[in-house]
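S.K.: Right, I'll just put the structure down here and ask away after.
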Amino acid sequence: MKRELSVFSIAATYIGTVVGAGFASGQEVLQYFGYHGRAGYTGIIVATAIFVVYGYVILVLGNKLSADSYHNVVIFSTGAYLGRAVDWVITFFLFVAFTAMIAGTGAIFKEQLGLPLIVGNIFMAIITLLTTLTGIAGIINAISAVVPVLILGVFATGTYTLLTNPGSPFAGNVALNTTPILPNPLLSGIVYASYNLVMAIAILVPLGKEINNKSNLFKGALLGGIGLGTCALIIQTTLLLNMPEVSRYEIPMLFVTNKISPVFTIVYSLILISEIYSTALGGLYGFVARFTNAKSTKYVTYSVITTAAALVCSQLGFSNMVRYLYSVVGIAGLILLGGLTYSVLSGKLST
Numbered sequence: 574m575k576r577e578l579s580v581f582s583i584a585a586t587y588i589g590t591v592v593g594a595g596f597a598s599g600q601e602v603l604q605y606f607g608y609h610g611r612a613g614y615t616g617i618i619v620a621t622a623i624f625v626v627y628g629y630v631i632l633v634l635g636n637k638l639s640a641d642s643y644h645n646v647v648i649f650s651t652g653a654y655l656g657r658a659v660d661w662v663i664t665f666f667l668f669v670a671f672t673a674m675i676a677g678t679g680a681i682f683k684e685q686l687g688l689p690l691i692v693g694n695i696f697m698a699i700i701t702l703l704t705t706l707t708g709i710a711g712i713i714n715a716i717s718a719v720v721p722v723l724i725l726g727v728f729a730t731g732t733y734t735l736l737t738n739p740g741s742p743f744a745g746n747v748a749l750n751t752t753p754i755l756p757n758p759l760l761s762g763i764v765y766a767s768y769n770l771v772m773a774i775a776i777l778v779p780l781g782k783e784i785n786n787k788s789n790l791f792k793g794a795l796l797g798g799i800g801l802g803t804c805a806l807i808i809q810t811t812l813l814l815n816m817p818e819v820s821r822y823e824i825p826m827l828f829v830t831n832k833i834s835p836v837f838t839i840v841y842s843l844i845l846i847s848e849i850y851s852t853a854l855g856g857l858y859g860f861v862a863r864f865t866n867a868k869s870t871k872y873v874t875y876s877v878i879t880t881a882a883a884l885v886c887s888q889l890g891f892s893n894m895v896r897y898l899y900s901v902v903g904i905a906g907l908i909l910l911g912g913l914t915y916s917v918l919s920g921k922l923s924t
């Protein structure tokens with residue numbers, strides 16, 4: 574049954590699904606845009622436009638098809654044969670993303686609290702599992718609740734950096750030994766947005782189904798996409814003003830907050846954990862919902878088994894997963910974007 578969800582709830586859920594360990598920590602922005610220097614800003618603008626347009630398309634299709642899982646939208650957009658391949662890649666990535674969120678929490682516990690990685694891994698696995706068992710309504714409430722705190726933290730860090738750093742991120746490029754994941758910033762923007770949409774589709778589809786007021790679909794996508802782009806721009810600026818030192822850390826933004834104060838570092842660490850949690854929810858729920866309905870008796874069993882498997886796989890390490898696995902899934906994201914584009918051009922959205 575459709576509900577009256579506010580534009581803010583839609584946008585916050587969208588942002589919270591995308592903004593996880595990679596985004597809020599600065600690791601994704603660093604590897605996709607930061608290593609391009611000032612040229613990375615063009616990639617962020619491209620990614621923002623994609624977030625707005627295709628976030629809206631996914632919400633509309635979820636609403637139109639009354640879909641509980643992204644599977645329906647993928648098949649509808651890309652066709653039966655290609656759709657199956659994309660469907661399985663997305664399913665794989667949702668598991669990988671959930672695993673990366675667990676790994677990211679371990680990195681924070683180790684770097685900031687001096688605790689073993691496994692303590693952070695287990696903590697994130699348990700709280701994500703417990704929330705996922707409440708179903709889509711509980712997940713939407715949990716994700717939308719933590720987003721304002723993240724935005725405030727990012728803005729505070731970026732503002733401090735601008736006020737205290739005499740340099741300019743636009744003055745020139747910083748010489749770095751590390752190369753970007755992709756050689757062109759525009760391509761980085763497209764791939765970055767595409768694989769994040771692969772993550773977001775798991776929540777945006779059932780979210781679209783829940784929305785009664787169709788005018789809020791576009792408003793929510795617009796606000797959510799712009800919010801994502803604005804946060805990425807602030808993080809990019811913050812990182813460029815702290816190059817090259819910041820590139821040596823698993824959690825780059827915490828290097829910056831350490832320069833502000835130890836207390837603020839603890840606060841931002843808690844914000845990071847909250848955002849990791851929101852994206853972990855999307856990964857776990859989307860993966861399990863692909864195989865069973867949330868109201869099914871198998872839902873609990875599948876959720877527990879998936880969480881245990883992700884906990885084991887999280888020992889691979891956070892930055893390695895961001896650099897190597899995420900880009901591979903970007904290919905499936907590009908196919909998904911192509912299918913969604915075809916849905917728009919062929920009139921499937923309105924028929």
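Each step along the sequence shown adds one to the number in the working numbering, with nothing skipped, and position 78 is 651. Even for Gly, the Cβ is constructed at its ideal location relative to N, Cα and C.
Can you list, in chain order, the residues of its chain with a C-beta nearer than 7 Å to that of Val771? Leave out the 5 residues immediately preceding and following it.
M.R.: The residue labelled residue 771 in the question sits at position 198 within the sequence shown. Hits under 7 Å: Ile663, Phe666, Val902, Ala905, Gly906, Leu909.
S.K.: Using CA coordinates, which residue listed in Tyr858, Tyr875, Gln888 is at the minimum distance from Phe642?
M.R.: Numbered from 1 along the sequence shown, position 69 holds the residue referred to as residue 642. The sequence given here places Ser at residue 642; Phe does not occur at that position. The shortest C-alpha to C-alpha distance from Ser642 to any of Tyr858, Tyr875, Gln888 is the one to Tyr858.
S.K.: With 16 other CB atoms within 10 Å as the buried threshold, where does Asn645 fall?
M.R.: Translated into positions along the sequence shown, residue 645 becomes position 72. The residue in question, Asn645, is buried, as its Cβ has 16 or more Cβ neighbours within 10 Å.
S.K.: Please work out which residues of its chain come closer than 8 Å, Cβ to Cβ, to Gly911, disregarding the five sequence neighbours upstream and downstream, and give them in chain order.
M.R.: One-based indexing of the sequence shown puts residue 911 at position 338. The residues are Thr651.
S.K.: Do Leu889 and Ala676 come within 8 Å of each other at the CB atom, strictly closer than that value?
M.R.: Translated into the one-based positions of the sequence shown, residue 676 becomes position 103. Translated into the one-based positions of the sequence shown, residue 889 becomes position 316. Yes, they are a contact pair.
S.K.: Ser717 and Ser582: beta carbons closer than 8 Å?
M.R.: As a first step, residue 717 is located in the sequence shown; it is residue number 144 there, counting from the start. As a first step, residue 582 is located in the sequence shown; it is residue number 9 there, counting from the start. Cβ distance < 8 Å, so Ser717 and Ser582 count as in contact.
S.K.: Is DSSP giving Leu667 helix, strand or coil here?
M.R.: Along the sequence shown, one-based indexing puts residue 667 at 94. Three-state DSSP puts Leu667 in a helix.
S.K.: Around the C-beta of Glu848, are 16 or more other C-beta atoms found within 10 angstroms, so that it is buried, or is it exposed?
M.R.: The residue you call residue 848 lines up with position 275 of the sequence shown. Flag for Glu848 reads buried.
S.K.: With a CB to CB cut of under 7 Å and the five nearest residues on each side skipped, what residues in its chain are close to Gly607?
M.R.: Taking the first residue of the sequence shown as position 1, residue 607 is located at position 34. Excluding sequence neighbours, Gly607 sits near Gly613, Gln809, Leu812, Leu813.
S.K.: Which residue comes first and which comes last in the alpha helix (DSSP H) that contains Ile712?
M.R.: What you label residue 712 is simply residue 139 of the sequence shown in a count that begins at 1. Where Ile712 is concerned, the enclosing alpha helix (DSSP H) starts and stops at 709-737.
S.K.: Would you mind reading off the limits of the alpha helix (DSSP H) that contains Tyr629?
M.R.: As a working mapping, residue 629 is identified with position 56 in the sequence shown. Note, Tyr629: alpha helix (DSSP H), 613-638.
S.K.: By how many angstroms is the C-alpha of Thr701 removed from the C-alpha of Val877?
M.R.: For the purposes of this step, residue 877 is identified with residue 304 of the sequence shown, where counting begins at 1. For the purposes of this step, residue 701 is identified with residue 128 of the sequence shown, where counting begins at 1. Distance between the alpha carbons of Val877 and Thr701 is about 10 Å.
S.K.: In angstroms with no decimal places, state the Cα-to-Cα distance between Gly745 and Pro817.
M.R.: What you label residue 745 is simply residue 172 of the sequence shown in a count that begins at 1. What you label residue 817 is simply residue 244 of the sequence shown in a count that begins at 1. Reliability of the predicted coordinates at Gly745 is poor, the pLDDT of 47 falling under 50, and no value is obtained from them.
S.K.: In angstroms with no decimal places, state the Cα-to-Cα distance between Thr586 and Trp661.
M.R.: In the sequence shown, the residue the question calls residue 586 occupies position 13. In the sequence shown, the residue the question calls residue 661 occupies position 88. If you take the alpha carbons of Thr586 and Trp661, they lie about 24 Å apart.
S.K.: Would you check if the distance between the CB atom of Thr621 and the CB atom of Thr852 is smaller than 8 Å?
M.R.: Walking along the sequence shown from the start, residue 621 turns up at place 48. Walking along the sequence shown from the start, residue 852 turns up at place 279. In this structure, Thr852 does not lie closer than 8 Å to Thr621 by Cβ.
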